[in-house]
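Input: a single structure, listed below in C-alpha cells.
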Amino acid sequence: MKLQHYLGGLEGLPSPLALEKRVFVEEWEKRIFGIHVAMMGLSNHLGSAAPGYPIDSVPTTFADEWTWADLRTGAEGMNPFDYFKFRYYEKWLGGITAFFVDKGYVTEEELAARMAEASSATPATDIPEIDEQVIAYLRSGDTPRRDTAHPTFAVGDTVRIANPRTDAHSRLPGYLRGRIGTVERIFEGDYAYFCETGDGIGDPMPIYIVAFDPVEIWGARAESGPLSLYAELFEAYLEPMEES
Numbered sequence: 003m004k005l006q007h008y009l010g011g012l013e014g015l016p017s018p019l020a021l022e023k024r025v026f027v028e029e030w031e032k033r034i035f036g037i038h039v040a041m042m043g044l045s046n047h048l049g050s051a052a053p054g055y056p057i058d059s060v061p062t063t064f065a066d067e068w069t070w071a072d073l074r075t076g077a078e079g080m081n082p083f084d085y086f087k088f089r090y091y092e093k094w095l096g097g098i099t100a101f102f103v104d105k106g107y108v109t110e111e112e113l114a115a116r117m118a119e120a121s122s123a124t125p126a127t128d129i130p131e132i133d134e135q136v137i138a139y140l141r142s143g144d145t146p147r148r149d150t151a152h153p154t155f156a157v158g159d160t161v162r163i164a165n166p167r168t169d170a171h172s173r174l175p176g177y178l179r180g181r182i183g184t185v186e187r188i189f190e191g192d193y194a195y196f197c198e199t200g201d202g203i204g205d206p207m208p209i210y211i212v213a214f215d216p217v218e219i220w221g222a223r224a225e226s227g228p229l230s231l232y233a234e235l236f237e238a239y240l241e242p243m244e245e246s
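The working numbering numbers the first residue of the sequence shown as 3 and each following residue consecutively.
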C-alpha cells in the first residue's frame, strides 16, 4: 500500500470527507466491475486454484493472470494526485486499460478509435463456455490454498511490525511499519496470496488481527479516549519483540 493507500498516515485531507454509500453511482461502473470479474474468472492461475477450474479448455484469448493483486497494483502505481482526483471505478478502468495495453491485447490507437465509435459499439458475442466459466468463478471463488494454522505468535503476544522493502504491491499499510501492537486474534488457517509481492507474502502463512494504541501510531496528536486500531496482517509482517 503506497502513499495514497494509507490515509491514516496522511495530513491535510479535505474535511469532512465525502463517503459515498452506493456501490454503483453511474451505469458504466457496473460494466467496469463486470470486465474485472470476467478477467478474474478467465485468469490462467485458476487451473491450480482451489477449487480447480478447467480453464485450459475454455475458448478464451485471455492468456494472462489477473487477480485482486493485479488490480490493486495498477491503482497503487497511479500518481497520488490522480488517485485522489478520479472516482473509484475510474481507477479500476485505468488499471485494467493499462494492463491490456502493456500485454498487447490492444493499442492506444485502437482504444482511441473505439472511444470515437463508442456510440455505435457492437455488443459482445456470447460464448457459452466462457459464460459458464465466469459463472462458476462467481459461485465458487478462487480461495487461496488453506491449511491448518501454524502460527509463530500467540494471542496476547506483543509484536513489532516489520519494515520490508516495498515492491510493486504490498498488503502492509505504511503507517504501521515499525509500530508495536498486540495480537488479538489468529485466523483458523494458513492463507496464500496468488502472487509474490516482493515483501514477504505469497506462500501460505497465518494471518493475525493486531491491535494498536493510537498513541503508538500518531503520538500526542492521537484522539483521546478508549480507542484502538485493528489491522489484519500476514505473519511475514510481524516480528517478535526482543527481550530486554
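Heads up, the beta-carbon is just placed ideally off N, CA and C, and yes, glycines get one too.
Values in this document were obtained by computation on a predicted structure and should not be read as measured data.
{"Item": "Can you check which of these residues, 97, 201, 40 and 88, is closest to residue 77 by C-alpha distance?", "Value": "97"}
{"Item": "Quick one: any contact between the stretch 105-113 and the stretch 203-212, if contact means 3 or more CB pairs under 8 Å?", "Value": "no"}
{"Item": "Go through the stretch 11-75 residue by residue and report every complete run of the beta strand (DSSP E) that reaches 3 residues or more, in order.", "Value": "none"}
{"Item": "Quick one: what's residue 210 bridged to in DSSP?", "Value": "188 and 235"}
{"Item": "Between residue 179 and residue 163, which are expected to be in contact by the criterion C-beta below 8 Å, what is the C-beta distance as a whole number of angstroms?", "Value": "6 Å"}
{"Item": "For residue 135 and residue 226, I'd like the C-alpha separation in whole angstroms.", "Value": "51 Å"}
{"Item": "Which residues in the same chain have their Cβ closer than 6 Å to the Cβ of residue 139, if we skip the five residues on either side of it in sequence?", "Value": "43"}
{"Item": "Would you call residue 201 buried or exposed, if buried means 16 or more other Cβ atoms sit within 10 Å of its Cβ?", "Value": "buried"}
{"Item": "List the endpoints of the continuous beta strand (DSSP E) containing residue 150.", "Value": "148-150"}
{"Item": "What residues are listed by DSSP as bridge partners for residue 163?", "Value": "240"}
{"Item": "Could you pull out every residue in the same chain whose Cβ sits closer than 7 Å to the Cβ of residue 40, ignoring the five residues on either side in sequence?", "Value": "136"}
{"Item": "Less than 6 Å between C-beta atoms, sequence neighbours within five positions excluded: which residues of the same chain meet that for residue 232?", "Value": "211 and 213"}
{"Item": "With residue 186 and residue 151 assumed to form a contact (beta carbons below 8 Å), what rounded beta-carbon distance in angstroms separates them?", "Value": "The pair is not a contact, with the Cβ atoms about 15 Å apart (cut-off 8 Å)."}
{"Item": "In or out: residue 3 buried (at least 16 other Cβ within 10 Å) or exposed?", "Value": "The pLDDT assigned to residue 3 is 43, lower than 50, so where the model puts this residue is not dependable, and the model offers no usable value."}
{"Item": "Within its chain, find whatever has a CB closer than 6 Å to the CB of residue 217; leave out the 5 residues flanking it on each side and keep chain order.", "Value": "224"}
{"Item": "Between residue 154 and residue 195, what straight-line distance do the alpha-carbon atoms span, to the nearest angstrom?", "Value": "18 Å"}
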